[in-house]
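First up is the structure itself, then whatever we jot down about it.
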Amino acid sequence: MTLIRQSAVMAAKDLRIEIRGRYALGAVLPFAGTLLIAFGLSLGPGRTLLQETAPGLLWLAVLFASVLSFRRSYESEGEDGALEGLLLAPMDKAAVFLGKAAAVAVQLLALEAVVVLLVAGLFGLSLGGAPAALAAAFLLGTIGLAAVGSLFGVLAESPRAREAVFPLLVLPLATPLLVAGVKATALATTGHGGEAGSWLGLLVAFDAVFLAAGTLVFGHLLED
Amino acid sequence: MRGPVHSAERALGKLTARRGERVLGLLTVVALSASAILSLIVSPPDADQKNAARLLYIHVPSAWLAYLSFAVVFVASVAYLRTRKIRWDRLAAASAEVGVLFTALAIALGSIWGKPVWGTWWTWDPRLTTTAILLLIYVGYLAVRKLPDSPARRARWAAVVGIVGFVDVPIVHLSVTWWRSLHQGATIRLLGRSTIAPMMLAALLVGVASFTLLYLYLVTLRLRVGRLEERVMAEALSPRLGQPVEMLVEQADEPGEVTVGG
């Protein structure tokens, strides 16, 4: 089996678990919604301020909610010795990483679609300006986020895992995603979609670095 | 590939012997004293900033140590994953701890300097922001080191974080530089003049050199503490229970290496 086929099998397994468990629908999405309401309440009802901060709040909600998705993705491996089973399976360790990243990316994209609509409704963010640039920002940002989260999600499943360590590690590493994603979103929603190119380029660079790094070093995190 | 790694390990072993450690400690004290005299007495006060500019002589060396330490963490992490020798993991751990200390120091000193000179404790300058994120990444690195129970697993996890964290830093810097430049034009320049007085430059170079010695000394100490920790742990787990810990620590002073896992 090639690496891509193995990754696809892995991703299909994770998505099947997700479809049966409906964790994203039942917990992650409501959490993102709660964050958005809290942001709105903390900034007050002024329309201009909310519109200006909407791209940032949108990405913050996605970033924080994604932490739950990564935890969930590895939680299921911690049960009933599933991780040992994965290690014994005749497949490349890189496929575990790529498959998990792909499965989480699909879930995050679905989550983002809803969150974007919520932000458009709650904060008055206009989506019509440059839909292609907006979609590209979310697609590229999600790939990078899925890569960094799936690489380190396995640490969250250690026997002595402390809840704070995973976000402490992932959120600073994901700073370029936050900056570039927010900037590209702000440009795309204010009719300057053409200027988002360099930010999208930065996202591509981040994705490439973390996909490559994850493929190379993920095996070291698993072997025991 | 085996050649350079091997000779680097031998040099490391010599440097961390007790005698090398004492000599290094002495050199560090002399160099730091020289640096203090140069920067506080010999070097003239700055034309604009008066005595506040003297912070340069400890702020810049601290920032230099921050980047030096994390580069060492990166190299040691790669070397650990290649050789699986626990001494590389100890080096990465020691360097990361010293690095976090000096990163925090650089930020604190910069903040103290910024108040009289820029009129603010903090500005979202790309270099400041990158340094703050750098600090968070390596605090995360140290937190990961506390997670696993087995030393071998801890070493592997830490090495991966040490590699990925370092690779991420240029992207972080690029992103915050762009983020800032799209907001407003020129960033505040610390030293307006393009030239620096020869005496100030000399004091700065001595400061950098003495801080580098301090770094080597602290890492050396930390490496020995790491060896002792491992030895005490190994002794505690061995069948020779019942010996007082002091005896074990004395035994640990003997040359030699405990290898765990790998």
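Same order as they appear, the protein sequences are chains D and G.
Per this note's numbering, residue 1 is the first one in the first sequence, and the count goes up by one each step.
Per this note's numbering, residue 225 is the first one in the second sequence, and the count goes up by one each step.
Note that the Cβ used here is the ideal one computed from N, Cα and C, for glycine as well.
Worksheet item: From the beta carbon of His192/D, is the nearest beta carbon of chain G less than 8 Å away?
Response: Here residue 192/D corresponds to residue number 192 of the first sequence, with the count starting at 1. Closer than 8 Å: no.
Worksheet item: In whole angstroms, what separates the C-alpha of Ile186/G from that of Thr355/G?
Response: Residue coverage of chain G in this structure runs from 225 to 486, which leaves residue 186/G outside it and unanswerable.
Fill in: Coarse secondary structure for Asp221/G, derived from DSSP in three states
Because residue 221/G is not part of the residues shown, which for chain G are 225 to 486, the question remains open.
Practice prompt. Kindly list the residues whose CB is nearer than 6 Å to the CB of Arg259/D, restricted to its own chain and excluding five residues on each side of it in sequence; keep chain order.
Written response: Outside the displayed range of chain D (1 to 224) lies residue 259/D, so it cannot be described from this structure.
Worksheet item: Is any beta-carbon of chain G found at less than 8 Å from that of Thr175/D?
Response: Translated into positions along the first sequence, residue 175/D becomes position 175. Cβ-Cβ to chain G under 8 Å: yes for Thr175/D.
Worksheet item: What are the uninterrupted segments assigned as alpha helix (DSSP H) that are 4 or more residues long and contained completely in the region 1-81 of chain D, given in chain order?
Response: 3-21, 29-43 and 47-78
Practice prompt. Report the option in Leu202/D, Pro172/D and Ala147/D whose CA atom is closest to the CA atom of Thr215/D.
Written response: Position 215 of the first sequence, counted from the start, is the residue given in the question as residue 215/D. The shortest C-alpha separation from Thr215/D is found at Ala147/D.
Item to complete: Please list, in chain order, all residues of the same chain as Leu289/G whose beta carbon is under 6 Å from its beta carbon, the five residues on each side excluded.
Response: Start at 1 with the first residue of the second sequence, and residue 289/G comes out as number 65. Counting only Cβ-Cβ distances below 6 Å, and skipping sequence neighbours, we find Phe326, Phe435 and Tyr439.
Fill in: Whole-angstrom C-beta distance between Trp312/G and Leu221/D, which should lie under 8 Å
Counting from 1 along the first sequence, the entry for residue 221/D is found at position 221. Counting from 1 along the second sequence, the entry for residue 312/G is found at position 88. Contact doesn't hold; Cβ gap of about 17 Å is too wide.
Worksheet entry | Cutoff 7 Å; reference Val28/D; Cβ partners in own chain excluding five residues on either side | Numbered from 1 along the first sequence, position 28 holds the residue referred to as residue 28/D. Correct list, in chain order: Ala65, Leu68, Ser69 and Leu111.
Worksheet item: Would you say Trp346/G and Arg404/G are within 8 Å of each other, going by their C-beta atoms?
Response: By 1-based counting over the second sequence, the position of residue 346/G is 122. By 1-based counting over the second sequence, the position of residue 404/G is 180. Their beta carbons are not under 8 Å apart, which means Trp346/G does not touch Arg404/G by this criterion.
Worksheet item: Considering only the beta carbon of each residue, do Ser42/D and Ala101/D sit closer than 8 Å?
Response: Within the first sequence, numbered from 1, the residue matching residue 42/D stands at position 42. Within the first sequence, numbered from 1, the residue matching residue 101/D stands at position 101. Cβ distance not < 8 Å, so Ser42/D and Ala101/D don't count as in contact.
Worksheet item: Hey, is Val324/G's beta-carbon within less than 8 Å of any beta-carbon in chain D?
Response: As a working mapping, residue 324/G is identified with position 100 in the second sequence. No - not a single Cβ of chain D is within 8 Å of the one on Val324/G.
Item to complete: At 8 Å on the CB atoms, spell out the chain D contacts of Ala316/G, in chain order.
Response: Counting from one through the second sequence, the residue named residue 316/G turns up at place 92. Residues of chain D passing the Cβ test: none, with the nearest at roughly 14 Å.
Worksheet item: Nearest chain D C-beta to Gly244/G closer than 8 Å, yes or no?
Response: On the second sequence, residue 244/G is found 20 positions in, with the first residue counted as 1. It does not: the Cβ of Gly244/G has no partner Cβ on chain D nearer than 8 Å.
Practice prompt. Could you check the C-alpha separation between Leu398/G and Glu459/G for me, to the nearest Å?
Written response: The sequence position of residue 398/G within the second sequence is 174, counting from 1. The sequence position of residue 459/G within the second sequence is 235, counting from 1. Distance between the alpha carbons of Leu398/G and Glu459/G is about 48 Å.
Worksheet item: Using a Cβ-Cβ distance under 8 Å, would Val430/G count as near chain D?
Response: Against the second sequence, residue 430/G aligns to sequence position 206. No, no contact with chain D.
Discussion item. Can you check whether the C-beta of Gly364/G is within less than 8 Å of a C-beta belonging to chain D?
Written reply: Looking up residue 364/G in the second sequence gives position 140. Yes - at least one Cβ of chain D is within 8 Å of the one on Gly364/G.
Practice prompt. Specify, as a first and last residue, the run of the alpha helix (DSSP H) that Gly121/D falls within.
Written response: The count along the first sequence starts at 1 and reaches residue 121/D at position 121. Residues Lys93 to Phe123.
Item to complete: Out of Glu233/G, Leu429/G, Val391/G and Pro422/G, point me to the one whose CA is closest to Arg308/G's CA.
Response: Counted from its first residue, the second sequence places residue 308/G at position 84. It is Glu233/G.
Worksheet item: For Ser198/D, which residues in chain G fall below 9 Å Cβ to Cβ?
Response: Here the question's residue 198/D lines up with position 198 in the first sequence. Within 9 Å Cβ-Cβ: Trp402.
Worksheet item: Mapping DSSP to helix, strand and coil, what is Lys183/D?
Response: Here residue 183/D corresponds to residue number 183 of the first sequence, with the count starting at 1. It is helical.
Worksheet item: Should Ser263/G go down as buried or exposed, given a rule of 16 or more other Cβ atoms within 10 Å for buried?
Response: Here the question's residue 263/G lines up with position 39 in the second sequence. By the 10 Å Cβ count, Ser263/G comes out buried.
Worksheet entry | Cutoff 6 Å; reference Asp270/G; Cβ partners in own chain excluding five residues on either side | Here residue 270/G refers to the residue found at position 46 when the second sequence is read from its first residue. Same-chain partners within the cutoff: Ala277.
Item to complete: Identify the contact partners of Ala205/D in chain G, using a Cβ-Cβ distance below 7 Å as the criterion.
Response: Taking the first residue of the first sequence as position 1, residue 205/D is located at position 205. Simply Ile395.
Worksheet item: Could one say the Cβ of Ala102/D lies closer than 8 Å to chain G's Cβ atoms, at least one of them?
Response: Position 102 of the first sequence, counting from 1, holds the residue named residue 102/D. No, Ala102/D does not count as interfacial toward chain G.
Worksheet item: Thinking just about the alpha-carbon of each residue, which of Leu50/D, Glu223/D and Leu200/D is nearest to the one in Ser374/G?
Response: The sequence position of residue 374/G within the second sequence is 150, counting from 1. Comparing Cα positions, the closest option is Glu223/D.
Worksheet item: Just curious, the alpha helix (DSSP H) that Gly191/D is in, first and last residue?
Response: Residue mapping note: residue 191/D aligns to position 191 of the first sequence, counting from 1. Looking at the DSSP string, Gly191/D is not in any alpha helix (DSSP H), and its letter there is neither H nor E.
Item to complete: Evaluate contact between the region 131-138 of chain D and the region 248-262 of chain G, counting only Cβ atoms and requiring at least three cross-stretch pairs below 8 Å.
Response: no
Worksheet item: What residues are listed by DSSP as bridge partners for Asp272/G?
Response: Residue 272/G sits at position 48 when you count from the first residue of the second sequence. None, per the DSSP bridge assignment.
Fill in: Val456/G: first and last residue of the uninterrupted alpha helix (DSSP H) it sits in
On the second sequence, position 232 is the one that residue 456/G refers to. Per DSSP, Val456/G belongs to the alpha helix (DSSP H) from Pro422 to Leu461.
Discussion item. Measuring alpha carbon to alpha carbon, tell me which residue in Gly227/G, His230/G, Ala235/G and Arg242/G is nearest Arg451/G.
Written reply: Along the second sequence, read from residue 1 onward, the residue named residue 451/G stands at position 227. Checked all of Gly227/G, His230/G, Ala235/G and Arg242/G; the closest Cα to Arg451/G is Arg242/G.
Worksheet item: Thinking C-beta only, is Val297/G closer than 8 Å to Gly364/G?
Response: Against the second sequence, residue 364/G aligns to sequence position 140. Against the second sequence, residue 297/G aligns to sequence position 73. No; because the gap between Cβ atoms is not below 8 Å, this pair is not in contact.
Worksheet item: From Leu15/D, Gln51/D, Gly197/D and Ala8/D, pick the residue whose C-alpha is nearest to that of Gly121/D; which is it?
Response: Reading the first sequence from its first residue, position 121 is the one you call residue 121/D. The shortest Cα separation from Gly121/D among Leu15/D, Gln51/D, Gly197/D and Ala8/D belongs to Gln51/D.
Worksheet item: Val393/G to Ser462/G, Cα distance in whole Å?
Response: The residue labelled residue 393/G in the question sits at position 169 within the second sequence. The residue labelled residue 462/G in the question sits at position 238 within the second sequence. Each residue's Cα considered, the two are about 42 Å apart.
Practice prompt. Could you tell me whether any Cβ in chain D is nearer than 8 Å to the Cβ of Val385/G?
Written response: Residue 385/G sits at position 161 when you count from the first residue of the second sequence. So yes, Val385/G belongs to the interface.
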